[in-house]
Amino acid sequence: GGLEFFSAHERIHKILRTFDEVGLGYLTLGQSATTLSGGESQRVKLAAALTSDRSGRTVYFLDEPTTGLHVADVQRLIELLQRLVDQGNSIIVIEHQPDLISAADWVVELGPGGGPDGGEIVEADSPEGLIDSGTGVTAKSLRSWMGRDSGGD
Numbered sequence: 033g034g035l036e037f038f039s040a041h042e043r044i045h046k047i048l049r050t051f052d053e054v055g056l057g058y059l060t061l062g063q064s065a066t067t068l069s070g071g072e073s074q075r076v077k078l079a080a081a082l083t084s085d086r087s088g089r090t091v092y093f094l095d096e097p098t099t100g101l102h103v104a105d106v107q108r109l110i111e112l113l114q115r116l117v118d119q120g121n122s123i124i125v126i127e128h129q130p131d132l133i134s135a136a137d138w139v140v141e142l143g144p145g146g147g148p149d150g151g152e153i154v155e156a157d158s159p160e161g162l163i164d165s166g167t168g169v170t171a172k173s174l175r176s177w178m179g180r181d182s183g184g185d
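Under our numbering, residues 33 to 185 are what the sequence shown spells out, in order.
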């Protein structure tokens, strides 16, 4: 594919390698952006940020970036998001996927319901704090995902 073809061109190779790292290695060079899903579009922007020469201090907002990703790709996405944080950036993510939630520094659960029934802060804590003493849906979901379901909730 393109990754091998452009291996001698450092800048192009770096960009294509980053696309592969964010789970977009299957895209075709020259593919129209209008054919991309919302999650794919977000990951294109994430790849652009990772290959940018900017030095941190950017806030990224991601809306369910794990949608459509295989579990192994979710782990790679978490590592890449951590790279952005390590570069001095901040990331705010709307997500329901427990792997990504558990990797966060801070979790804010909004609710109690969706749409007009939500919008209030139900809980805010570290993932560990939610797992240990949280009472909201996210805390219960994280405990269940970790196999620490209390059974009586």
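From the three backbone atoms N, C-alpha and C, an ideal C-beta is built for every residue, glycine too.
All values derive from a computational prediction rather than experimental measurement.
- Taking the C-beta atoms as reference points, I133 is found nearer than 9 Å to L174.
- Around the C-beta of R43, fewer than 16 other C-beta atoms lie within 10 Å, and the residue is accordingly described as exposed.
- Boundaries of the beta strand (DSSP E) around A156: E152 to D157.
- If you draw a 10 Å sphere on the C-beta of P159, you find 16 or more other C-beta atoms in it, and that means buried.
- Sixteen is the threshold: when 16 or more other Cβ atoms of the shown chains lie within 10 Å of the Cβ of A81, as they do, the residue is buried.
- Distances from the alpha-carbon of D52 to those of D137, E96, L109 and G70 put L109 closest.
- Cβ atoms of E127 and E155 stay farther apart than 8 Å, at about 15 Å.
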